[in-house]
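Q:
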Amino acid sequence: NMILYLINGYHLEAASGSVILSLWNAASNTMAIFGAFLSDSYLGRFRVIALGTCSSLVGMTLLWSTSVFPWMKPSPCPEFDQGCETATPLQFLVLYTSFALISVGAGCVRPCSIAFGADQVNNKEDPNNERVLDSFFQWYYGSTGLSAVIALTLVVYIQDQFGWLIGFAVPASLMVLSLMAFLLGSPLYVQVNPKKSLFIGLIQVSVAAFRKRKISLSLPDAVAHYFNGNDSNIRTPTDDLRCLNKACFIVDAERELNPDGSAKDPWSLSTVENVESLKAVLRLIPMWSTGVMMLVILNNNFTTLQAKIMDRHITSGFEIPPGSFGVISVVT
272 NMILYLINGY
282 HLEAASGSVI
292 LSLWNAASNT
302 MAIFGAFLSD
312 SYLGRFRVIA
322 LGTCSSLVGM
332 TLLWSTSVFP
342 WMKPSPCPEF
352 DQGCETATPL
362 QFLVLYTSFA
372 LISVGAGCVR
382 PCSIAFGADQ
392 VNNKEDPNNE
402 RVLDSFFQWY
412 YGSTGLSAVI
422 ALTLVVYIQD
432 QFGWLIGFAV
442 PASLMVLSLM
452 AFLLGSPLYV
462 QVNPKKSLFI
472 GLIQVSVAAF
482 RKRKISLSLP
492 DAVAHYFNGN
502 DSNIRTPTDD
512 LRCLNKACFI
522 VDAERELNPD
532 GSAKDPWSLS
542 TVENVESLKA
552 VLRLIPMWST
562 GVMMLVILNN
572 NFTTLQAKIM
582 DRHITSGFEI
592 PPGSFGVISV
602 VT
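First residue of the sequence shown? That's 272 in our numbering, and the numbers climb one at a time after it.
(1) Shortest alpha-carbon distance to V478 belongs to which of M564, Q391, Q362, P537?
(2) Check whether the Cβ atoms of M331 and A422 lie closer than 9 Å to each other.
(3) Going by the DSSP bridge assignment, what does E590 pair with across the sheet?
(4) Rounded to whole angstroms, what's the CA-CA distance from F305 to C383? Just pull it up for me.
(5) Please classify M343 as buried or exposed, where buried requires at least 16 other C-beta atoms within 10 Å of its C-beta.
(6) At which residues does the alpha helix (DSSP H) containing D431 begin and terminate?
(7) Measure the alpha-carbon distance for I320 versus C379 and round it to whole angstroms.
(8) Buried or exposed: Y276, going by 16 or more other Cβ atoms within 10 Å of its Cβ?
(9) Is it buried or exposed for C519, if we count other Cβ within 10 angstroms and need 16 for buried?
(10) Rounded to the nearest angstrom, how far is the Cβ of I274 from that of L292, given a contact under 8 Å?
(11) Between the Cα of E235 and those of L515, R402, I556, W559, spot the shortest distance and give me the residue it belongs to.
(12) Round the Cβ separation of N399 and N393 to the nearest angstrom and send it over; I've been treating them as touching at under 8 Å.
(13) State buried or exposed for T324, treating a residue as buried only when at least 16 other CB atoms are found within 10 Å of its CB.
(14) By the 10 Å Cβ neighbour count, where 16 or more other Cβ atoms means buried, how is Y412 classified, buried or exposed?
(15) Would you please state the rounded distance, in angstroms, between the beta carbons of L473 and V552? I believe it to be under 8 Å.
(16) Nearest to D250 by alpha carbon, out of F573, R554, L445?
(17) Do you know whose CA, among S457, T507, S449, lies nearest R318's CA?
(18) What's the call for D311, buried or exposed, on a 16-neighbour Cβ count within 10 Å?
(19) Give, in chain order, every unbroken run of the beta strand (DSSP E) that is at least 3 residues long and sits entirely within the region 533-561.
(20) Which residue's Cα is closest to the Cα of A386: A303, L366, S346, P349?
(21) Looking at F408: is its Cβ nearer than 9 Å to the Cβ of L334?
(22) Is it buried or exposed for L436, if we count other Cβ within 10 angstroms and need 16 for buried?
(23) Flag this pair as yes or no: are the beta carbons of T359 and V598 separated by less than 9 Å?
(24) So M446 packs on S336, CB below 8 Å; how close in whole Å?
(25) With H, G and I counted as helix, E and B as strand and the rest as coil, what does DSSP make of G497?
(26) Starting from I304, trace the alpha helix (DSSP H) both ways and give me its first and last residue.
(27) Let me know if A307 comes out buried or exposed under the rule of 16 or more other beta-carbons within 10 Å of its beta-carbon.
(28) Please name the residue or residues paired with L528 in a DSSP beta bridge.
(29) When burial is assigned at 16 or more other CB atoms within 10 Å of the CB, is A286 buried or exposed?
(30) Identify the residues that DSSP records as bridge partners of Q520: which are they?
And the structure:
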């Protein structure tokens, strides 16, 4: 529904508004990498989620203020005049700042929320732990889909019928309630301490494998030459993508290992666990790539503009908001 706000409120062309929203969506998805890195390496999931929720709340409040204060967006177009006032750089700055804050919040919450929720129910000593985690993931994705349906129907209907002032106030108010509920439960949460970043570990595997690209793994006792680390549960690497196994292969123990058994240079010797993690990521790339075109279609803002010129009446007294047509993609 934001494409209509940019066109009607900021007098943008449909193409320009679509580009802005596409860049906003891309920034929100890209920031997820930063959020995951920050939570795993430094702050932990709880703090990153709290900071992200606060950032989204500030961004939503700023976006709501553009519908409250007239000076924050151009004046309405004259009824019989085609010359509409364009937005000033300051007005665009306020709009883009709100988008940026919401993107930062999304980048912090999206990658951490599901992992943080799994931390609360994960108990490796429970024989039913796998079933409990499966049930959690099903409820998580089910509730996420339900929230998207509510946003595309109820919230969009409020924006269409009661205007942007109330339409932006509703999600901002819901964000306040979610932040309060999240912080009130903080004494009860299981909070996992941050560890070394997985992203750095994956890069170290690539560098170490490249440095040892000329060594041979065809030794009779090659199993004994693999570096497992002190806390690793994986003893030997798998046979697929064997070129990466060189990253955890010990060529000279005296030169590569410390007296306590740790690696002197993690950029030259990685653990079997990190090697297998990189392999798992590479195996997921084909599956990830299949969703590219689907996401391109879902992020198409012209569907709303096409729906706007349709006859959307179900009855004489009810008309489907154009922004609600996106719910078809979510449901199907």
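By construction, the Cβ of each residue, glycine as well, lies at the ideal position given by its N, Cα and C atoms. This structure is a prediction, so every number in the text was calculated from the model and none was measured.
A: According to the data block:
(1) For the purposes of this step, residue 478 is identified with residue 207 of the sequence shown, where counting begins at 1. Measuring from the Cα of V478, the nearest candidate turns out to be P537.
(2) One-based indexing of the sequence shown puts residue 331 at position 60. One-based indexing of the sequence shown puts residue 422 at position 151. Taking 9 Å as the Cβ cut-off, M331 and A422 do not qualify as a contacting pair.
(3) Taking the first residue of the sequence shown as 1, we reach residue 590 at position 319. DSSP output for E590 lists H584 as bridge partner(s).
(4) For the purposes of this step, residue 305 is taken as residue 34 along the sequence shown, with counting starting at 1. For the purposes of this step, residue 383 is taken as residue 112 along the sequence shown, with counting starting at 1. When rounded, the distance between both Cα atoms is 11 Å.
(5) As a position in the sequence shown, residue 343 is number 72, starting the count at 1. With 16 or more Cβ atoms within 10 Å of its Cβ, M343 is classed as buried.
(6) One-based indexing of the sequence shown puts residue 431 at position 160. Counting along the chain, the alpha helix (DSSP H) containing D431 begins and ends at 427-433.
(7) For the purposes of this step, residue 320 is taken as residue 49 along the sequence shown, with counting starting at 1. For the purposes of this step, residue 379 is taken as residue 108 along the sequence shown, with counting starting at 1. Rounded to the nearest angstrom, the two C-alpha atoms are 6 Å apart.
(8) Reading the sequence shown from its first residue, position 5 is the one you call residue 276. Buried: at least 16 other Cβ atoms inside 10 Å.
(9) Within the sequence shown, residue 519 is the residue found at index 248, counting from 1. Burial call: buried.
(10) Indexing the sequence shown from 1 puts residue 274 at position 3. Indexing the sequence shown from 1 puts residue 292 at position 21. Contact flag correct, Cβ pair sits at about 6 Å.
(11) Since the first residue of the chain shown is 272 and the last is 603, residue 235 is not available in this structure.
(12) Taking the sequence shown and counting its residues from 1, one reaches residue 399 at position 128. Taking the sequence shown and counting its residues from 1, one reaches residue 393 at position 122. About 12 Å; that fails the 8 Å criterion.
(13) Residue numbering aside, residue 324 sits at position 53 when the sequence shown is read from its first letter. Classification for T324: buried.
(14) Mapped onto the sequence shown, residue 412 falls at position 141. Counting Cβ neighbours within 10 Å, Y412 comes out exposed, since fewer than 16 surround it.
(15) The residue given as residue 473 occupies position 202 in the sequence shown. The residue given as residue 552 occupies position 281 in the sequence shown. Contact flag correct, Cβ pair sits at about 7 Å.
(16) In the structure displayed, the chain extends from 272 to 603; residue 250 sits before or after that span and is not available.
(17) Residue numbering aside, residue 318 sits at position 47 when the sequence shown is read from its first letter. Residue S457 is the option with its Cα nearest to R318.
(18) Translated into the one-based positions of the sequence shown, residue 311 becomes position 40. When all chains shown are included, D311 counts as buried.
(19) none
(20) If you number the sequence shown from 1, residue 386 lands on position 115. Comparing Cα-Cα distances from A386 to each of A303, L366, S346, P349, the minimum goes to A303.
(21) Along the sequence shown, read from residue 1 onward, the residue named residue 408 stands at position 137. Along the sequence shown, read from residue 1 onward, the residue named residue 334 stands at position 63. Cβ distance not < 9 Å, so F408 and L334 don't count as in contact.
(22) The sequence position of residue 436 within the sequence shown is 165, counting from 1. L436 comes out exposed.
(23) Position 88 of the sequence shown holds residue 359. Position 327 of the sequence shown holds residue 598. Not a contact, by the Cβ cut-off of 9 Å.
(24) The count along the sequence shown starts at 1 and reaches residue 446 at position 175. The count along the sequence shown starts at 1 and reaches residue 336 at position 65. The pair is not a contact, with the Cβ atoms about 14 Å apart (cut-off 8 Å).
(25) On the sequence shown, residue 497 is found 226 positions in, with the first residue counted as 1. Note on residue identity: the sequence assigns Tyr, not Gly, to residue 497. Correct three-state label for Y497: strand.
(26) Translated into positions along the sequence shown, residue 304 becomes position 33. Where I304 is concerned, the enclosing alpha helix (DSSP H) stretches over 285-309.
(27) As a first step, residue 307 is located in the sequence shown; it is residue number 36 there, counting from the start. When all chains shown are included, A307 counts as buried.
(28) Sequence index remark: in the sequence shown, residue 528 carries index 257 (1-based). According to DSSP, L528 bridges with A534.
(29) Position 15 of the sequence shown, counting from 1, holds the residue named residue 286. Under this definition A286 is an exposed residue.
(30) The count along the sequence shown starts at 1 and reaches residue 520 at position 249. The sequence given here has Phe at residue 520, not Gln. Answer is Y497, bridged to F520.
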